[in-house]
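Written below as structure tokens is the structure these notes are about.
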């Protein structure tokens, strides 16, 4: 879930203990600590 628009986020990869995502709807790229929050997939 995108923190900006609540759209669908896609995991792009992992660097260290951070997982990087890109939102399908608004294009925002963001990262979270691994296991911090589940990302909903359709």
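Numbering (my numbering), first residue to last: 3 to 44.
Don't be surprised by glycine CBs; every beta carbon is placed ideally from N, CA and C.
Note that the coordinates shown come from a computational prediction; the quantities given were computed from them, not determined experimentally.
Query                                                                 : Result
Cβ neighbour criterion (16 or more within 10 Å) applied to residue 13 : exposed
Sub-8 Å separation of residue 27 and residue 9 beta-carbons           : yes
Beta-ladder partner(s) of residue 29, from DSSP                       : Residue 29 pairs with nothing; no bridge assigned.
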